[in-house]
Every structure is written in structure tokens, then in C-alpha cells.
Amino acid sequence: MKILLVNEKTKGSMMHNLYIDANNIKKILIFENFSRDCHENLTNPEDTYFSLTDFYKIKRIIDFQSDDLFKRIINSFCPNVYGHEIVKAGILLAVFGGINNGVINVLIVGDPGTDKTELLDAASKIAPHTVFTPIAQANSSSLMPLLHYDKRSGDLILEAGSFIMSNTGICRIDDFEKINQPNALAEAISRQTISICKAGVTCSLTARTSIIASANPIGGHYNKTKLLSENLKIGNDLLSNFDLIFLLLDIPDEEMDHYLSERVMTVHSGVYPEDKLDKSQRYVPSTSDTNRNHLIGIMPLSKRLKVSTEDKNINVLPISLLQKYIAYARKYVHPRLSQEARKMIKIFFGNMGHKYQFVDGTPITIRQLETMIRLSQARARMELRDVVISEDVEDVAEIMEFCLFRIQKDEFGNIRTKAKAKTVVRSGKQADVKRYLASFYIRIPLYF
1 MKILLVNEKT KGSMMHNLYI DANNIKKILI FENFSRDCHE NLTNPEDTYF SLTDFYKIKR
61 IIDFQSDDLF KRIINSFCPN VYGHEIVKAG ILLAVFGGIN NGVINVLIVG DPGTDKTELL
121 DAASKIAPHT VFTPIAQANS SSLMPLLHYD KRSGDLILEA GSFIMSNTGI CRIDDFEKIN
181 QPNALAEAIS RQTISICKAG VTCSLTARTS IIASANPIGG HYNKTKLLSE NLKIGNDLLS
241 NFDLIFLLLD IPDEEMDHYL SERVMTVHSG VYPEDKLDKS QRYVPSTSDT NRNHLIGIMP
301 LSKRLKVSTE DKNINVLPIS LLQKYIAYAR KYVHPRLSQE ARKMIKIFFG NMGHKYQFVD
361 GTPITIRQLE TMIRLSQARA RMELRDVVIS EDVEDVAEIM EFCLFRIQKD EFGNIRTKAK
421 AKTVVRSGKQ ADVKRYLASF YIRIPLYF
């Protein structure tokens with residue numbers, strides 16, 4: 001340990017910095033007896049240490065829950081928030097990530113009180129490496145690298161910013177609609193590199209970062225008479241970089257209200273269905289492979305993932321085990337596309353382009369095809385499989401269509417066509433009628 005004078009030109013200065021004068025540096029493994037903070041805040045998921053007990057627990061999950069594993073993982077994520085199974089699935093796909101340039105970006109847009117913050121908090125806890133950008137600092141200066149001079153030493157300092165610090169990990173952003181200068185962020189997301197050429201400093205920084213962000217509509221409530229970009233005041237060039245955009249609206253739903261009330265009563269009573277079972281019964285799969293394939297073609301994904309209080313075959317994974325499971329999958333599992341999966345991706349992509357044609361005014365392009373490939377790889381990785389099968393593509397296609405349908409649906413429940421998108425700017429009597437219907441829809445519950 002040595003002492004360095006901050007400003008050698010100033011005589012009598014008492015400002016000093018401490019530094020370590022090392023001969024060499026050797027990397028050591030992180031063992032379980034180290035502090036928990038050192039173990040969880042790793043800068044690279046590949047640095048995670050797995051004990052023999054961890055491998056045994058992960059193998060036990062695969063062996064005893066092969067059929068309902070996807071459902072079990074989804075319901076182990078943020079169990080205090082009931083419902084939103086499709087949204088949870090999308091967030092988990094981003095956390096698991098794809099292969100080779102497997103960055104998956106997720107944006108959650110919703111009215112106040114739709115559990116956006118809780119979902120992002122849960123994602124921050126289970127991801128191997130997460131950098132959280134506080135709401136008050138959610139702007140381009142805190143996300144992007146910044147060059148400035150140190151007031152004490154006068155040296156030029158480069159601050160990496162949250163986007164660079166979360167390289168190979170997750171960057172969580174709250175209140176995404178408040179970020180200024182979105183063009184710089186859009187370029188960084190699309191290229192996954194940030195170039196700096198300022199004050200004689202020229203460098204290129206890698207930013208293979210997945211973004212999980214939440215945004216509130218302008219005015220507090222989402223207006224279905226407007227496009228998504230108009231509700232957020234964010235350009236399509238930035239929104240198009242998100243692979244999944246979930247729209248959570250505070251709409252009365254009799255079935256969901258029933259499930260929520262049932263869940264709340266169960267939590268407050270202190271009795272859970274899994275508490276009534278022996279440990280040997282908790283891991284018994286409820287469906288065979290044949291029944292699972294049969295349900296995929298009939299029952300929608302949101303129904304298959306939903307767990308009621310009477311479901312006795314699903315037991316949530318502890319957070320610590322889920323963290324290890326995700327880190328193991330990201331490190332050791334690298335699935336490849338099968339021929340059947342390739343054909344299914346081509347079919348679903350063609351149907352998607354024909355049905356929706358555009359996303360919020362932006363045409364569906366090859367970018368959505370790449371998104372489907374990355375999501376399918378993440379879906380297979382979630383079950384620790386080396387091959388992407390057709391069922392993975394079907395689940396991913398349903399999640400993507402869930403996002404597109406919510407975004408493209410107007411105030412009357414119809415899918416906007418390309419012609420309607422161009423005439424989305426409203427004026428005159430028609431605009432007054434639609435604004436009235438929108439306000440009527442928000443304030444008064446409609447059951448039909």
C-alpha cells in the first residue's frame with residue numbers, strides 16, 4: 001500500500017490517494033464460505049461457483065419435474081404477484097438469454113398499480129448480474145459513459161455508466177419514458193457497443209446488455225386511441241429495439257379477480273396447498289409428454305401456466321436455488337435449432353407478418369425473426385435442453401403474439417391495419433367521440 005499526492009504542483013497539499021503497488025495478479029475461485037455479497041454480485045455469470053450439492057439439486061429438478069418444469073419456474077418467479085404468467089415468462093426468457101448475441105430486451109408498459117416494480121425487483125434478485133438505475137437518475141448521462149475532469153486532481157475521468165457496468169448481464173430501468181436523449185441509447189442497444197471520441201479519448205466499449213425496463217403512460221393511464229409511441233412520447237427507433245413489449249392495463253376481469261381474491265385469502269390464512277403434502281409428493285409431475293403435447297395445441301399458454309390454490313403438483317423454487325439454476329443454464333447450456341424448429345419459426349414468422357404487418361407503425365422485419373430465434377433458444381435453455389424443439393417455438397410465438405395483439409388493439413378491440421396507423425392523428429368530431437369513449441372505458445367497468 002502506497003500514498004500518492006493528488007496534486008504535486010500544490011505545495012503543502014494534504015490531499016492524497018491510496019493505491020496498491022502489486023507485482024502480479026492471480027484469480028482465485030469463490031467458495032461457499034465467502035460472504036454472500038461477494039458470491040451474488042459477480043460481474044460475470046461464468047464466475048459463479050457450483051458445489052456438488054448445487055449440481056445435485058439442479059439434477060433433481062430436471063429428473064422429478066421434467067414435464068411441468070417450465071410452469072414451475074414461471075410460478076417460482078415473483079410468487080407474491082399472482083397472475084401475469086405471460087409477462088413473467090417473457091422476463092425470465094430475457095434473464096436466461098439466447099445464444100451468440102443472445103441479448104433480449106423487455107419493456108413493461110402499464111397503468112399505475114399493475115405490479116411493474118415488483119416484477120422488476122424480482123428480476124433483479126434472480127439475475128446473475130444486474131445493475132439498477134435509480135428512478136431519479138434514469139437519464140442518458142447515468143446510463144451512458146461520461147467524460148469529465150476531476151475537481152481535485154484535474155485528471156480526465158471516464159465513468160462507465162449503468163449500461164456498460166451491466167455488460168453480459170441485466171440493466172434494470174424504471175420510468176423509461178423519462179429518459180432524455182433516447183437516440184444515443186437506441187444506437188447503443190442496436191450496436192451493443194458504445195464509441196467515445198471526446199477530449200482526445202477514443203475508445204469502443206462493449207455493451208452486451210439486456211434491458212428490462214418499465215414505463216408509465218403519459219397522463220397516468222394508457223389511451224387506446226393512440227399508438228404506443230404516442231402514449232410514451234418515445235420514438236419508434238428506440239421502441240423497435242425491444243424484443244418484447246408487454247402492455248398491462250387496469251381492466252376489470254372477473255376471472256382474474258376471482259383468482260386474485262383466492263390467492264390473497266390463502267396468503268393471509270397462512271396455509272398453502274404445498275404445506276399439506278409430503279416432500280416426496282411435491283415433485284410428482286401431473287402430465288405426461290403425450291398429454292403435454294396435446295394441451296399445447298388446445299389450451300393457450302396463459303392457461304397452461306396458471307396455478308390455482310388447488311394445484312398440488314407445483315412447488316416454487318427458493319430464490320437461492322433459482323439463482324443457481326439460471327447461472328448454470330447460462331454457463332453450460334447452449335441449445336441449437338433443430339430442423340423442425342427452423343420450419344416452425346419460418347411458418348410463425350410468415351403468419352405474424354401477414355396478420356400484423358407492422359408494430360406501432362413500424363413494419364415487421366427480419367429483426368422480429370431474430371427475436372423469435374433468441375427467445376426459442378432461451379426457452380430451451382430454461383429446461384436445460386441442448387436442442388430447440390417445436391414446442392419451444394410454439395410457446396415463444398404465443399408470447400410474441402400476446403405482446404403484438406395488446407399493442408395493436410384499438411379502443412374497440414380491433415387490430416389496427418397499416419392504413420389505420422397512418423390516420424392515427426385525430427381531429428374534429430371523430431376525435432371527440434373517441435376521446436369520450438376512451439375516458440368512459442377507463443372510469444366505468446364494462447362486463448361484456
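Residues 1 to 448 (our numbering) are what the sequence shown spells out, left to right.
All C-beta atoms in this analysis are idealised placements derived from N, C-alpha and C, irrespective of residue type, glycine included.
>> Runs of 4 residues minimum, wholly inside the region 60-121: which ones carry the alpha helix (DSSP H) assignment?
In response: 69-76 and 85-96
> What residue range is occupied by the uninterrupted alpha helix (DSSP H) comprising R208?
Replying inline: Here R208 belongs to no alpha helix (DSSP H), and DSSP marks it neither H nor E.
> How many angstroms separate the CA atom of I364 from the CA atom of D243?
Replying inline: 12 Å
>> Between which two residues does the beta strand (DSSP E) holding L156 run?
In response: L156 to E159
>> Distance check for I407 and L328, CA to CA, integer angstroms please.
In response: It should be noted that the sequence gives Tyr, not Leu, for residue 328. Cα to Cα, the separation comes out at about 34 Å.
> Excluding the five sequence neighbours on either side, which residues of its own chain have a C-beta within less than 6 Å of the C-beta of Q76, listed in chain order?
Replying inline: It is worth fixing the name first, because residue 76 is Ser in this sequence and not Gln. Excluding sequence neighbours, S76 sits near V316, L317 and L322.
> From L456 to A380, what distance separates their C-alpha atoms?
Replying inline: Outside the displayed range of the chain (1 to 448) lies residue 456, so it cannot be described from this structure.
> With distances taken from CA atoms, which of I399, I373 and S390 is nearest G97?
Replying inline: I373
> By a C-beta neighbour count over all protein chains shown, 10 Å radius and 16 as the cutoff for buried, is M118 buried or exposed?
Replying inline: Per the sequence presented here, residue 118 reads as Glu, with Met not at that position. When all chains shown are included, E118 counts as exposed.
> I338 and I389 look like a contact to me (Cβ under 8 Å); what is the Cβ gap, rounded to whole Å?
Replying inline: The displayed chain sequence assigns Ser, not Ile, to residue 338. Contact flag correct, Cβ pair sits at about 6 Å.
>> For a quick check, are the C-beta atoms of N172 and S142 less than 7 Å apart?
In response: It should be pointed out that residue 172 corresponds to Arg in this sequence rather than to Asn. Cβ atoms of R172 and S142: not closer than 7 Å.
>> Using the Cβ count rule (16 or more neighbours within 10 Å means buried), how would you classify I126?
In response: buried
>> According to DSSP, is N351 part of a helix, a strand, or is it coil?
In response: helix
> Does the beta-carbon of H354 have 16 or more other beta-carbons within 10 angstroms, so that it is buried, or is it exposed?
Replying inline: exposed
> Quick one, are the C-beta atoms of G495 and H129 less than 7 Å apart?
Replying inline: There is simply no residue 495 to check, as the chain begins at 1 and stops at 448 in what is shown.
> So what does DSSP say about L227, is it helix, strand or coil?
Replying inline: coil
> Alpha carbon to alpha carbon, how far is V396 from I189?
Replying inline: 22 Å
> Which residue from F64, N80, L404 and E159 puts its Cα closest to that of L248?
Replying inline: L404
> If you draw a straight line from the alpha carbon of D155 to that of Y149, how long is it in whole angstroms?
Replying inline: 5 Å
> Measuring CB to CB, does I86 end up less than 7 Å from F402?
Replying inline: yes
>> With a threshold of 7 Å on Cβ separation, who are the neighbours of G235 within its own chain once the five nearest residues in sequence on each side are excluded?
In response: P182 and S229
> Can you tell me where the alpha helix (DSSP H) with S190 in it begins and where it stops?
Replying inline: P182 to R191
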